[in-house]
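Visitor:
There are 2 protein chains.
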Amino acid sequence: MNNDFEHLARTEHLPTRIATQFAKRIYDGVLKPGDKLPTEHEMSKTFGVSRTVVREAIAQLRNEGLVETRQGVGAFVVERTSRQIRLEDGKKMDRHAFTDLYQLRVPLEMEAAALAAVNHTDAQMEALDAAMARMPGVKDWGESGVTADLDFHRIIAEATGNDYFVQFVVAISERISHVIAIARAEGPLEDVISKTISEHGDICEAIRNRDAAGARAAMLRHLQGSAQRVGLEFEFVE
Amino acid sequence: MNNDFEHLARTEHLPTRIATQFAKRIYDGVLKPGDKLPTEHEMSKTFGVSRTVVREAIAQLRNEGLVETRQGVGAFVVERTSRQIRLEDGKKMDRHAFTDLYQLRVPLEMEAAALAAVNHTDAQMEALDAAMARMPGVKDWGESGVTADLDFHRIIAEATGNDYFVQFVVAISERISHVIAIARAEGPLEDVISKTISEHGDICEAIRNRDAAGARAAMLRHLQGSAQRVGLEFEFVE
DNA sequence: GTTGTAATGTTGTCTGATAACCCGATATAT
DNA sequence: ATATATCGGGTTATCAGACAACATTACAAC
């Protein structure tokens, strides 16, 4: 069987090529929400591939939240408002991508800290204290250290009362922390930990006092300190 | 053939059930990065489903960025640092989810405006002016109005020089704008448009003058104004 | 007019086969 | 002895055709 994809990347496998093609049509508005995609049989015929491949392509679109399938009926383009928010990011985590991601992280976490200061519950404050209490026990910056740091940031995000912050902060900080754990620090470990604890403490206190501006500032100092400890420059416009 | 999924939701179709199961194992650390998944044949046998289903399940995991497959070798759990950033968001866009998303948008776009003020190129400034010039022609807040507004915000994001901002801002503002287009405004359309133009103008000028703080403030005013025009309250901690 | 039923089209799943590919083992050549 | 070439087994990728499950529509029966 001949296929019609000579103009596309040879490396990508068939289902991805087809899915990409339809994704483009959807984003470009050629296929509008509610529109029905061709049947699997039709697509199989027009693209010159087996139904297996077509099905996998459609599954991909479904996973990306672009279409939804109904058995016995067909595949339909979903409403824009109910699409997933997702970031493609094939990029390697080189130094450049890393600083860019860090740059995005900063305003998010600052705002999260501010909102947490205003909105946190008593239970969340306790959870934050508990997370802090775990820090001094950290002996290396492997699993336990990273996890403890991650927990701290996640709990703050949760204290905003806004689930979007939790998802974004967790996704981003998780990714960054693991890089940090590898790219690791200049200077002795004790210094890193003690400084981290001290900065976390500042944030903690500001939140406890429901001091939004203070929390924001403390978070900025922490992120700047953390970045500096791994020898990273990032631009934050005052 | 009998299957072993009675304990799971009956509604989900087979591939999703299997994929979910493996995703859980990965997130729980039972399967660590680098680990090899069972072969398709094995999984087919142990789960009591056909290889078609297994393949689709694996494709789903691959789309979620959790595993990567190598032809002739197998499927492997990917490193955490190279996983996609993605936000699950099955939620309906009710008023509550909308304000939450808006709350996330604000600090992002403020920072984007500030960075754009510092980093923009001449070409990007021209693109911004061009986008502004298109606004007065908007007659309704349907396709053209939404697109023009979206363009404005996207160009600012691009002017940060940081691709992550582009992706986040586009994903979020796109989603919000389409809701706004529907939920539409109290008050006459001319007012909405003229106010939008005026606020965009302020942002534009601040960016032109490379006034980061001004851009940030102007963006905040714009977002607050925009929210207010659709009768939305949101919390932004000063 | 409503309800039951058959027909049809579509997605979901199954089965078995072939092609493309990777990797290690063995054989061969230098 | 080392390097290279070839082969074989295992795995994923794709193909082909079938049946099952489900939705929609049209039509028949009441």
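Taken in sequence, the protein lines are chains A and B.
So in full-length UniProt numbering, the last one in the first sequence is 238, and the numbering has no gaps at all.
So in full-length UniProt numbering, the last one in the second sequence is 238, and the numbering has no gaps at all.
Think of the CB as a built atom: it goes at the ideal place given N, C-alpha and C, for glycine as much as any other residue.
#1: At least one CB of chain A closer than 9 Å to the CB of residue 8 of chain B: is that the case?
#2: At a Cβ threshold of 9 Å, is residue 131 of chain A touching chain B?
#3: The alpha helix (DSSP H) spanning residue 111 of chain A covers which residue range?
#4: Below 8 Å on the Cβ atoms is my contact criterion, and I expect residue 80 of chain B with residue 174 of chain A to pass it. Report the Cβ-Cβ distance as a whole number of Å.
#5: Return the chain-ordered list of same chain residues with a C-beta closer than 6 Å to the C-beta of residue 197 of chain B, the five sequence neighbours on each side being excluded.
#6: Could you spell out where the alpha helix (DSSP H) holding residue 68 of chain A opens and where it closes?
#7: Nearest chain A C-beta to residue 217 of chain B closer than 9 Å, yes or no?
#8: Excluding five sequence neighbours on each side, which residues of the same chain lie with their C-beta closer than 8 Å to the C-beta of residue 38 of chain B?
#9: Please report the straight-line C-alpha distance between residue 234 of chain A and residue 60 of chain A, rounded to a whole angstrom.
#10: Short of 8 Å Cβ to Cβ, which residues in the region 16 to 48 of chain B face chain A?
#11: Taking 9 Å as the threshold (beta carbon to beta carbon), is residue 231 of chain B in contact with chain A?
#12: Would residue 64 of chain B count as contacting chain A if we go by Cβ distances under 9 Å?
#13: Out of curiosity, what's the CA-to-CA distance linking residue 97 of chain A and residue 115 of chain A?
#14: Is any heavy atom of the ligand NAP found at a distance shorter than 8 Å from the C-beta of residue 191 of chain A?
#15: Would you verify that the beta carbon of residue 162 of chain A is, or is not, closer than 9 Å to some beta carbon of chain B?
#16: Would you please verify whether the beta carbon of residue 165 of chain A is less than 9 Å from any beta carbon of chain B?
#17: Taking residue 239 of chain B as the reference, which of B:228, B:152, B:192 has the closest Cα?
#18: Nearest-angstrom Cα distance between residue 18 of chain B and residue 26 of chain B?
#19: Starting from residue 74 of chain B, follow the beta strand (DSSP E) in both directions and report where the run begins and ends.
#20: Measure the C-alpha to C-alpha separation of residue 172 of chain B and residue 123 of chain A and round it to an integer number of angstroms.
#21: In its own chain, which residues sit with a C-beta less than 6 Å from the C-beta of residue 159 of chain A, not counting the 5 before and 5 after it?
#22: Going by CA-CA distance only, name the one from A:43, A:207, A:162 that's closest to residue 127 of chain A.
#23: What does the Cβ neighbour count give for residue 205 of chain A, buried or exposed, with the cut at 16 atoms within 10 Å?
#24: Are residue 100 of chain B and residue 163 of chain A closer than 9 Å when you measure CB to CB?
#25: Within 10 angstroms of the Cβ of residue 103 of chain A, are there 16 or more other Cβ atoms? Answer buried if so, exposed if not.
#26: Quick check: is the beta carbon of residue 110 of chain B nearer than 9 Å to any beta carbon in chain A?
#27: Got a sec: is the Cβ-Cβ distance from residue 52 of chain B to anything in chain A below 9 Å?
#28: Taking only beta-carbon positions, decide if residue 59 of chain A is within less than 9 Å of chain B.
#29: At a Cβ threshold of 9 Å, is residue 172 of chain B touching chain A?
#30: Judging by CA-CA distance, which residue of B:167, B:168, B:190, B:156 is the nearest neighbour of residue 218 of chain B?
#31: List the endpoints of the continuous alpha helix (DSSP H) containing residue 80 of chain B.
#32: For the putative contact between residue 118 of chain A and residue 212 of chain A, defined by C-beta atoms under 8 Å, what is the C-beta separation to the nearest angstrom?
#33: Does the beta carbon of residue 100 of chain B come closer than 9 Å to any beta carbon on chain A?
#34: Given a cut-off of 9 Å, decide if residue 23 of chain B and residue 56 of chain B are closer than it, judged by their beta-carbon atoms.
#35: Considering only C-alpha positions, which residue in the set A:195, A:210, A:109, A:129 is nearest to residue 169 of chain A?
#36: Going straight from the alpha carbon of residue 42 of chain B to that of residue 30 of chain A, what length do you get?
Guide: Walking through what the data contain:
#1: Below a pLDDT of 50, predicted positions are generally treated as unreliable, and residue 8 of chain B, at 36, falls in that range; no measurement from the model is reported.
#2: no
#3: 95 to 119
#4: 7 Å
#5: 135
#6: Not the alpha helix (DSSP H): residue 68 of chain A falls in the beta strand (DSSP E), residues 67 to 70.
#7: no
#8: 46
#9: 36 Å
#10: none
#11: no
#12: yes
#13: 28 Å
#14: Looking at this structure, you won't find the ligand NAP or any other ligand, since it has none at all.
#15: yes
#16: yes
#17: Given that chain B is displayed from residue 1 to residue 238, the structure contains no residue 239 of chain B and the question cannot be resolved.
#18: 13 Å
#19: 74 to 77
#20: 31 Å
#21: 116, 120, 124
#22: A:207
#23: exposed
#24: yes
#25: buried
#26: yes
#27: yes
#28: yes
#29: yes
#30: B:156
#31: Counting along the chain, residue 80 of chain B falls outside any alpha helix (DSSP H), and DSSP gives it neither H nor E.
#32: 5 Å
#33: yes
#34: no
#35: A:109
#36: 42 Å
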